[in-house]
Structure formats: structure tokens, C-alpha cells
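Worksheet: one structure, shown below.
Protein chains: 2
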Amino acid sequence: MAASPSEYELTLQIIQSLKEGKKRGFQEIMDELQPYDMAQQYQHLPAKHRNKFLLYLNIAQLKEMMKELNKEDQLEVLQKLGIEKSTKVLDLMENDDLTTLLSDLEPEQIEELLSEMKQEESDMVQHMMNYPPETAGRLMNNRFVWISKHYTVREAVDKLKDFAELAEYLNYLYVIDEEKKLVGVVSYKDLLLGEMQDKIEDIMFTRVVKVDVHTDQEEVAKMISRYDFISIPVIEGDDKLMGVITVDDIIDVVIQEANEDIEKLSASGKAIDFNTKPFVAAYRRLPWLILLLLIGLVSGSIIDGFSDTLQSAVALAFFMPMIAGMTGNTGTQSLAVVVRGLVSQDLDIKQVMKLIFRELWVGIIIGLSCAFLISIIAFIWQGSFTLGVVVGSSLLITLIIGTLAGTIIPLVLYKFNIDPAVASGPLITTINDIFSLLVYFGIASIFISKLS
Amino acid sequence: MAASPSEYELTLQIIQSLKEGKKRGFQEIMDELQPYDMAQQYQHLPAKHRNKFLLYLNIAQLKEMMKELNKEDQLEVLQKLGIEKSTKVLDLMENDDLTTLLSDLEPEQIEELLSEMKQEESDMVQHMMNYPPETAGRLMNNRFVWISKHYTVREAVDKLKDFAELAEYLNYLYVIDEEKKLVGVVSYKDLLLGEMQDKIEDIMFTRVVKVDVHTDQEEVAKMISRYDFISIPVIEGDDKLMGVITVDDIIDVVIQEANEDIEKLSASGKAIDFNTKPFVAAYRRLPWLILLLLIGLVSGSIIDGFSDTLQSAVALAFFMPMIAGMTGNTGTQSLAVVVRGLVSQDLDIKQVMKLIFRELWVGIIIGLSCAFLISIIAFIWQGSFTLGVVVGSSLLITLIIGTLAGTIIPLVLYKFNIDPAVASGPLITTINDIFSLLVYFGIASIFISKLS
Numbered sequence: 001m002a003a004s005p006s007e008y009e010l011t012l013q014i015i016q017s018l019k020e021g022k023k024r025g026f027q028e029i030m031d032e033l034q035p036y037d038m039a040q041q042y043q044h045l046p047a048k049h050r051n052k053f054l055l056y057l058n059i060a061q062l063k064e065m066m067k068e069l070n071k072e073d074q075l076e077v078l079q080k081l082g083i084e085k086s087t088k089v090l091d092l093m094e095n096d097d098l099t100t101l102l103s104d105l106e107p108e109q110i111e112e113l114l115s116e117m118k119q120e121e122s123d124m125v126q127h128m129m130n131y132p133p134e135t136a137g138r139l140m141n142n143r144f145v146w147i148s149k150h151y152t153v154r155e156a157v158d159k160l161k162d163f164a165e166l167a168e169y170l171n172y173l174y175v176i177d178e179e180k181k182l183v184g185v186v187s188y189k190d191l192l193l194g195e196m197q198d199k200i201e202d203i204m205f206t207r208v209v210k211v212d213v214h215t216d217q218e219e220v221a222k223m224i225s226r227y228d229f230i231s232i233p234v235i236e237g238d239d240k241l242m243g244v245i246t247v248d249d250i251i252d253v254v255i256q257e258a259n260e261d262i263e264k265l266s267a268s269g270k271a272i273d274f275n276t277k278p279f280v281a282a283y284r285r286l287p288w289l290i291l292l293l294l295i296g297l298v299s300g301s302i303i304d305g306f307s308d309t310l311q312s313a314v315a316l317a318f319f320m321p322m323i324a325g326m327t328g329n330t331g332t333q334s335l336a337v338v339v340r341g342l343v344s345q346d347l348d349i350k351q352v353m354k355l356i357f358r359e360l361w362v363g364i365i366i367g368l369s370c371a372f373l374i375s376i377i378a379f380i381w382q383g384s385f386t387l388g389v390v391v392g393s394s395l396l397i398t399l400i401i402g403t404l405a406g407t408i409i410p411l412v413l414y415k416f417n418i419d420p421a422v423a424s425g426p427l428i429t430t431i432n433d434i435f436s437l438l439v440y441f442g443i444a445s446i447f448i449s450k451l452s
Numbered sequence: 453m454a455a456s457p458s459e460y461e462l463t464l465q466i467i468q469s470l471k472e473g474k475k476r477g478f479q480e481i482m483d484e485l486q487p488y489d490m491a492q493q494y495q496h497l498p499a500k501h502r503n504k505f506l507l508y509l510n511i512a513q514l515k516e517m518m519k520e521l522n523k524e525d526q527l528e529v530l531q532k533l534g535i536e537k538s539t540k541v542l543d544l545m546e547n548d549d550l551t552t553l554l555s556d557l558e559p560e561q562i563e564e565l566l567s568e569m570k571q572e573e574s575d576m577v578q579h580m581m582n583y584p585p586e587t588a589g590r591l592m593n594n595r596f597v598w599i600s601k602h603y604t605v606r607e608a609v610d611k612l613k614d615f616a617e618l619a620e621y622l623n624y625l626y627v628i629d630e631e632k633k634l635v636g637v638v639s640y641k642d643l644l645l646g647e648m649q650d651k652i653e654d655i656m657f658t659r660v661v662k663v664d665v666h667t668d669q670e671e672v673a674k675m676i677s678r679y680d681f682i683s684i685p686v687i688e689g690d691d692k693l694m695g696v697i698t699v700d701d702i703i704d705v706v707i708q709e710a711n712e713d714i715e716k717l718s719a720s721g722k723a724i725d726f727n728t729k730p731f732v733a734a735y736r737r738l739p740w741l742i743l744l745l746l747i748g749l750v751s752g753s754i755i756d757g758f759s760d761t762l763q764s765a766v767a768l769a770f771f772m773p774m775i776a777g778m779t780g781n782t783g784t785q786s787l788a789v790v791v792r793g794l795v796s797q798d799l800d801i802k803q804v805m806k807l808i809f810r811e812l813w814v815g816i817i818i819g820l821s822c823a824f825l826i827s828i829i830a831f832i833w834q835g836s837f838t839l840g841v842v843v844g845s846s847l848l849i850t851l852i853i854g855t856l857a858g859t860i861i862p863l864v865l866y867k868f869n870i871d872p873a874v875a876s877g878p879l880i881t882t883i884n885d886i887f888s889l890l891v892y893f894g895i896a897s898i899f900i901s902k903l904s
């Protein structure tokens, strides 16, 4: 908030200092900026000033700014910095940021960058990139403080001081044994409140909540938000401490996962944002649309099958879009409730049955209300009591079917470990179209004698 | 992860210790549990053991567990604890958790609870409840450490130690002047690395990123995730420090906001989760459905208007659901892209125009592809070239309209500070139904002579 008003004049000051070559003045401005603000400034800067801007930043600042830039700018910066300076920056960057940066690059580019880096750093990054995407192994970083269980509080505090610069957050110290196995955790508070000569193994908290390198990032997010942790340790095999995942990365995960749910629910295709090019966006959206188009034709052939019924009572066509639409809408509603419910809750069979019966009831209540309303409208509008009955009863049945379809389909997918959100709103809608037309014309043909 | 396997046997151990009245053994188990796990255990516990469970917990543990319980259980616990013990717990609870707990209660219940609490605590809570919901004022807590700018590093460290127990996170100390105005921030790292006799005002970071008590929680979440903060200070009026918002609360906000977007996008009505009762859920979903039902009838009357056209060429009806459906689907896709895009990005007019043109292009590309496909299908299926042209050209036009409607409607709402997500998928779908039918039958009537 407070940062934003002065943003524009800041840009002016920066350009000023760059033009006049006042490195000192430039540094004074930077000292007061958050990494995100630096990145904003860099991105707003006219191209001609960018090189000098980078030249004036020190390595630490460059590293901080890097992780706030989007991928394109990150690569631009690396390339402008030249191989020597850029590897210094990469060495400093957190491994998780580095992994994300590299993950989309060509193998040879990755090779080139890593080859220049400190052996230990590049090993860690290469190791992390072997874990599947969206797992804990990809999110973890090694900027944390570990201590041996044999330490005293004093030794722990000293080590904490030495590593303060490097560690991302100081809230917890993770305790390991001789084989680097995670055996406990000590909060910084415990150190403050403990006696200097206390042994760590006596004051440490041994029931450590941890995740495995292969744990899905959505699961990790669930745990961090449940336990209100700042960071959570990541282990591999039998409790070997590999790294930590920090809450700032988890926030990004939560946003990303929510976006993915919405992308799928709306069948809008993966990763389309404001900057996606038209052809790319269209290309990503088309597969779904073509599938839906073909399914949509099924409804067509159903109507084709009932064309005599329709011919003899064209009024039936008036209510077709409404019935189909309503069935789709109620299905979408149920779907959304299920998909989002699964984000914060794990389901056992008991809850599943409870949920299905709940939705059945919802379908019945909604169905009765809407059916009652529409049959009166149909009667008044078309003056045919029979039509009212046909439309009303059809709507009642289709709404119940629609609600259940919207509930059961995602639950079945979930059961088979398929992301329930792939049962997108449009898909449910299109499937429900078919149900509704079958029911509608089925009922209509029964009463056809009275309708025509 | 590691915590979960033993959960069941834990429950058994707990019941054991409760039955045998082994308070010591019970405490040993609790000492190792996270608040969330305690809450889980309490909820899984057979009703008959719950009273003793609460009796055996000390105030601190009760307070920790409380904030992890859902509202119903929280009230059950308070009531079981009795007014004296429960007020002790409330006094300890973080104000933000307290505010959330109270916000849904009846005024007299709130009155009763607050009246028993420490004056200072209850004042703070009452003050917070005056801020509008979903603002920073409702989220902030007062469990933070503030220091005067005149302190030395040593004085700051001492104060930090005294308050370690109370403060939620120790990462930052907020610096205030004589009038309690926020003038700077010092990270705990700075203290570790500074000299003991350094003056705080010399080492503090003066360009503090802060939010106002009235800032929308979504905005707060945006800032915390941008700056990777653990907490952000909340000010009122001219920089008076009121409290801090911590990252753990922000994760809940991010999840909540995402759910709200999906609820609206799917018109599934506010706050329906797995535990909502059928009638409540139905009641919350009905308003939208009835509105959509009425709009749906408009499509009906359009068809009514074109009934002669339809009568003379029933084949037109076959493609009706597909065309209407496709227009709705593409609209939903565009809508989702816009709504989620706005979560992470602020838009200026330049980007808006860029976005609209992008979607226009997407519409054209998608339209041409689908139109080409469908006209061939229509021709083969119905053997009428004219029908192919009619269906194809209609689909082309409606898909372009649908895409633009799905883009422009939410943007207009956003411009007028209405949450763009209220333009729900179902609404866009239903509106697009109407467009598509007008276009479809409009074009059809031009060619009617050739169709029938």
C-alpha cells in the first residue's frame, strides 16, 4: 500500500541516478526497496537504462530481484549479466527458485548454466529436478539451520547466529542424528526460553510433522495451512533430512492449485493468462470445444429420433433450451461444491454417502420448486395443461439426475485418483443436455396424443 | 504425513489414559501433539470421553486446540468448560481467531462472553468487530513485538526474549515513535547481525510495507504473497500501529477467496460445504436457478417467434442444443480466464484492450475451426448443403459473440467495482443461449426457402 504511491517518482529518481552515474545515490534507493519492488522498477525501466541498472546492483540484490521476475526477464538478466556474474547470482539463489527457473529451459541451456556453478549447488539442483513436478522435492530449499541432537542450547544459538544470513526463516531448527536422520525440531522460542546448558535432545519436539520428497504439493499445502507452520521439513527414504519447504512458496502453490481447478472446471485449458498469445490460447481451448461439439451432436440425433413428436407439437421446442440449460446449471453447482470441498477435506466412504444423499435431497427440493413454477408458466403460456405436466415432470426428473451426475461423476474420478476437476462444468452440462432431452421427449411421446 | 499413521492408536492411548484417570500419561501424549492433531483427536473422541478430555487439558492447550475446531465444536467446548475456565481461554486466544468465533454469534452471546473477559482483550475484540468483514482490521492480531526507535539492539533483544512466549512469530520487530506511529521494522536477523550497542533507528528499515485496517483481505493476501512476508503491519489513520496480519491467516484467506470465485463462477451459492444441510444448500442454490429458469424462457419465446421456420425445417432443431451449448462453453472459458487473471494481476486500460482483442482473435480462430467442422458434418448428416452453411455460419458468429461476452461482461463488472465472478458461468451460458438462438434462426429464416 504505502509503497505504491511513490512508485512512479521512484522510477524517476532511479533513472536520474543512472543518467548521472551516481552509484551511491542509486544504492541508497535500492537499500530501501523490497525485492518485488526492485523487480517492478526493472520491468518499468526503459530498455536503454536496464543494462546500467543491472551493472549498479550488487550480487545479493540481483539474486533477490531475480526470484521476483517472470521467466522471460530472468533469462534476459542472466544473458545481460554474462556467464561469470550470472553464475555468481545462480549460486546464491534458493534452489527451489533455481529449479523453477531451469525447469522450462532446453537441456543444453541448463547444462551451460549449471556447469559454471558451484559443484554442490548444481548437484542439489540437478537432484531436485529429478523429482516429478508438483512434488515436495521440487519445492524444497536448503536454506535452513540443522543442529545435532547432542548440541547444547548455547551451541545451537551460536550456529543459528552463524547461519542467520543464509537461512530463509529462523523460526525452527531441525535436529538430526549421526546419519543425518531428522529426529526432532526446536523452535527459536524454545531456545530463547531454555537454559544455555540444556541439551537439545532434552528440549526438542520429537513428533516432527514432515513430508516426503514425493508428497504432492497440494498435500504439503494442506498440512502447512492446517498446522500454521512457517516451514515444513522434507525427508527422503528413512527420515533423511533433504530440505525444507517454506510458507511463501506454499501460498503460490495454493493460488496455482486454485487456478488449475478453475481452468478445469471451466474447461478453459491449461495455463492461459492475460499474456498468452491468441493462437496459443485458441489451440489450448479447442480440444475441449471440439469434444463438446461432438457430444453436443448426440443431443441433435436424440431430437432427430423424436422428430415426429416434435413435428406434431412444436411447442415442445420452446422449453428445450430451458430444460437442458437448467439441468446443466444444477450439475455445475453440485460439481463445484464437490471439487472445492475436496481441497480442504479428505473423504471417507461414510461422508461420501452422506454427501450423495444430501445432494439427492437438494435435487428433489430444487426439482419440486422449479417444476411447480414451470408447469404453471407452461400452462398459462401455451394454455395446455398436459404440456404443463410434461414440462414440469421432465424438469423435476432432469434436475434430480443433473444434481446427482454433478456429484457422483467427480467423486468417482476422485476415487480412481483422477483429479475430479477434469469433469468440467461444460462436460457435465453437455452430458446433462443428453439426459434431459431423453427424459423430456420420452415423457412427451407418452402424452403425445394429448399434446398434438 | 508421518503424523497420520499412528493417529488411530493415539486415540486408543488417549481413551485408555482417560479411562484409567492417568492425567500424567495423558499430558505426555498431548505434549507431543500439534493443535490441529489435538482438535482431530477431540472430534474423533466418543462423546462420553470429551468432558474428561477437556478437563485434563490445561488452559494453554485448550486455547491452542480451540482455534483448530470448527465453530460448532468451539461453542460446545466453551459451554462445557463453564464461564470461568472458558473466559480464561478466550483471554489467551488470538484476537483474530476470537473475532471469527464471535462474528456469527447472537449479540447477547457475544455480550456474555466478552463481559467476563479482561477489559483490554474484550475492548480490542469489540474494536475489531467494528471493521467491515474481509478487511485487514478483522484479520489482525496483537501478538507481535514492538520496540521504540530509541532502543539499542540489546534492549530490543531483551524485549524480544520477554515477549517470545506471547508473540506469534519473531521474524520482525516493528519500530514505533512516541505517538505509537509505525516508523520502521527490524528483522530478527538484523538484531543477530547487529552490534549490541547499535541504535535501532540506525539499523531499522524505514520503508515499511504496511496495510490500512480497511484494506480488503484479498489485497493483503496479494501483498504478503508478493513480498514473501511472514507478517505485515496494520495501521490506522496516520500510521498508528494497530496490529499485524500473519501469513497463516493469509493462506486461509487465499483458499477462501478461491472458493468464493468458484462458488460464483458456478452460481453454486455462498458457503456450501460437505456439512451444509440439504434445505440450506437448496435454499442457497435456488435463487440463481430460478433466475436462470426465467431467462431460459426467453430462449423459448425466441423459438416460439421462429416456430414457422422451425415447423418448415425441423432439422434446424437438431443443431439447436449444440450451437447454444458451444456458445455457452466458450463464454465460460473466457470468463474463467478473466476472473482468475484478475486475482494475480491489476489491469490498466491498455491491457484491457489487449485482452479483448486477444479474445476476439481466439473467438475467430475457434469459430472458424468449429464452423468448418460442423458444416461438413451437417452436410453429410442431413444431405443439405444450405443447412451446412446455415449451421456453420451461425456457429462462427455465435462463438465470436460468446467469447467476447465472456470477456467483456466480467471486465465491465470489474470496472464498476463489482466482483467479476458474479457473472457466473451459468449466467453467461444462459445469456449466450439467447444470442445463439437469435443468430441461428435469424440466418435460418434468410435461407428458409432453400431449407424447406
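Those protein sequence lines, which keep their order, are chains A and B.
In this text, residue positions in the first sequence follow my numbering: the first is 1, and each later residue adds one.
In this text, residue positions in the second sequence follow my numbering: the first is 453, and each later residue adds one.
Ideal Cβ placement from N, Cα and C applies to all residues, glycine included.
Proximity of residue i and residue j at Cβ, strictly below 7 Å
| i | j | result |
| --- | --- | --- |
| B/Gly819 | B/Leu799 | no |
| A/Ala136 | A/Val247 | no |
| B/Ile682 | B/Asn623 | yes |
| B/Glu546 | B/Asn593 | yes |
| B/Ile628 | B/Trp598 | yes |
| B/Phe887 | A/Gly300 | no |
Residue environment, residue i, which counts as buried when at least 16 other CB atoms sit within 10 Å
| i | result |
| --- | --- |
| B/Leu711 | Sequence inspection shows Asn at residue 711 of chain B; the Leu mentioned does not correspond to that position. Buried, because 16 or more other Cβ atoms sit within 10 Å of the Cβ of B/Asn711. |
| B/Glu520 | buried |
| B/Thr411 | The question about residue 411 of chain B has no answer, for chain B in this structure spans 453 to 904. |
| A/Gly296 | buried |
| A/Ala444 | buried |
| A/Thr100 | buried |
| B/Glu459 | exposed |
| A/Phe441 | buried |
| B/Thr855 | buried |
| A/Ala3 | Only weak support exists for where A/Ala3 lies, its pLDDT of 42 falling under 50; the value from the coordinates is given anyway. Burial call: buried. |
| B/Glu935 | The structure shown does not extend to residue 935 of chain B, since chain B is modelled only from 453 through 904, so no value can be given for it. |
| A/Gly82 | exposed |
| A/Gln243 | The residue asked about is misnamed: residue 243 of chain A is Gly in this sequence, not Gln. Flag for A/Gly243 reads buried. |
| B/Asp489 | buried |
| A/Phe385 | exposed |
| B/Phe731 | exposed |
Residues that DSSP places opposite residue i in a beta bridge
| i | result |
| --- | --- |
| A/Leu182 | A/Ile176 |
| B/Val789 | DSSP lists no partner for B/Val789. |
| A/Ser233 | Residue identity differs from the one stated: residue 233 of chain A is Pro in this sequence, not Ser. Looking at the DSSP assignment, A/Pro233 forms a beta bridge with A/Val244. |
| B/Asn593 | B/Val696 |
| B/Val663 | B/Val686 |
| A/Trp146 | A/Tyr174 |
| B/Phe657 | B/Val637 |
| A/Asp216 | A/Thr135 |
| B/Lys532 | Answer is none; B/Lys532 lacks a bridge partner. |
| A/Lys85 | A/Lys85 pairs with nothing; no bridge assigned. |
Inset, instruction - Count the C-beta pairs between the region 396 to 413 of chain A and the region 356 to 363 of chain A that are closer than 8 Å, then say yes if the count reaches three, no if not. - result: Taking a cut-off of 8 Å for Cβ pairs, the region 396 to 413 of chain A and the region 356 to 363 of chain A touch, as three or more such pairs fall below it.
Inset, instruction - Name, going along the chain, the residues of the region 298 to 313 of chain A whose beta-carbon falls closer than 8 Å to a beta-carbon of chain B. - result: Here the close residues are Ser299, Gly300, Ser301, Ile303, Asp304, Ser307, Leu310 and Gln311.
Inset, instruction - Determine, using beta-carbon pairs with one atom in the region 123 to 134 of chain A and one in the region 153 to 163 of chain A, whether at least three such pairs fall under 8 Å. - result: The region 123 to 134 of chain A vs the region 153 to 163 of chain A: no contact.
Inset, instruction - Give a yes or no on contact between the region 106 to 117 of chain A and the region 184 to 198 of chain A, applying the rule of three or more CB pairs nearer than 8 Å. - result: no
Legend entry - Touch test, the region 734 to 747 of chain B against the region 304 to 314 of chain A, Cβ-Cβ under 8 Å, three pairs minimum: no
Legend entry - Selection of the region 494 to 516 of chain B by Cβ proximity to chain A, strictly under 8 Å: none
Legend entry - Residues from the region 675 to 689 of chain B in contact with chain A, defined by Cβ distance under 9 Å: Met675, Ile676, Ser677, Arg678, Tyr679, Asp680, Phe681, Ile682 and Ile687
Legend entry - Meets three-Cβ-pair contact criterion under 8 Å: the region 215 to 233 of chain A and the region 307 to 320 of chain A: Touching, no.
Legend entry - chain A contacts made by the region 608 to 630 of chain B, where a contact means CB separation under 8 Å: Leu612, Lys613, Ala616, Glu617, Tyr621, Leu622 and Asn623
Legend entry - Segment contact, 8 Å Cβ cut-off, at least three pairs: the region 496 to 503 of chain B with the region 472 to 483 of chain B: They do not touch, by the three-pair rule.
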